[in-house]
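*Asks:* For the sequence shown, this note's numbering assigns the number 1471 to the initial residue and increments by one for each residue that follows.
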Amino acid sequence: MAEFRDSIDIAAAPETVFDYLVTAEGMTAWMGQYAELDPTPGGRFAVDIAGHAIRGEYLHVEHPRRVVVSWGVAGSETLPAGSSRVEFTLTPTGTGTRVDLTHSDLPDTEVRGHAHGWAHFLPRLAAAGAGDDLGADDWRPLDD
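(1) Would you be able to state if there are at least three C-beta pairs under 8 angstroms between the region 1492 to 1509 and the region 1528 to 1535?
(2) Could you name each continuous beta strand (DSSP E) segment of 3 residues or more that falls completely within the region 1479 to 1526, going from the start of the chain to the end?
(3) Do ARG1535 and THR1498 have their CB atoms nearer than 9 angstroms?
(4) For a quick check, are the C-beta atoms of ALA1589 and TRP1500 less than 9 angstroms apart?
(5) Taking only runs of the alpha helix (DSSP H) that begin and end inside the region 1534 to 1603, which ones reach a length of at least 4 residues, in chain order?
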């Protein structure tokens, strides 16, 4: 199993960024076309991204500092629903928030595709968090 890490600075307070990780309206502003979220430990984490049903649950929710979810693709043999873990750590900075992302328990074959996805979505999170209206997202996974 492998791990992917990245970080980004966002011109918004941690409380603002946090809402983009725990509300359906916030999540779909930067990632996915549909979200059903219950941001409590054991609560549902469901986001549809470019036709892929990402499914898992919230593992840890600490307002406004940390969100951890299990992550996988419904019906996938390679990365089944809830089989990997995504952690967002939010740290206040002088200009807003630093978001550190760790996506762990990824099969080696999934790292490249998920790195591609996070490279697209983290800047969208930064733009949405700063108040930009991003409109529809036409991102597609590498294999599509």
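All C-beta atoms in this analysis are idealised placements derived from N, C-alpha and C, irrespective of residue type, glycine included.
*Replies:* Reading from the atomic positions:
(1) With contact defined as three or more Cβ pairs closer than 8 angstroms, the region 1528 to 1535 and the region 1492 to 1509 are in contact.
(2) DSSP runs (the beta strand (DSSP E)) wholly in the region 1479 to 1526: 1504 to 1507 and 1514 to 1519.
(3) No, these two residues do not count as a Cβ contact at 9 angstroms.
(4) No, Cβ-Cβ distance for ALA1589 and TRP1500 is not below 9 angstroms.
(5) 1581 to 1599, all fully within the region 1534 to 1603.
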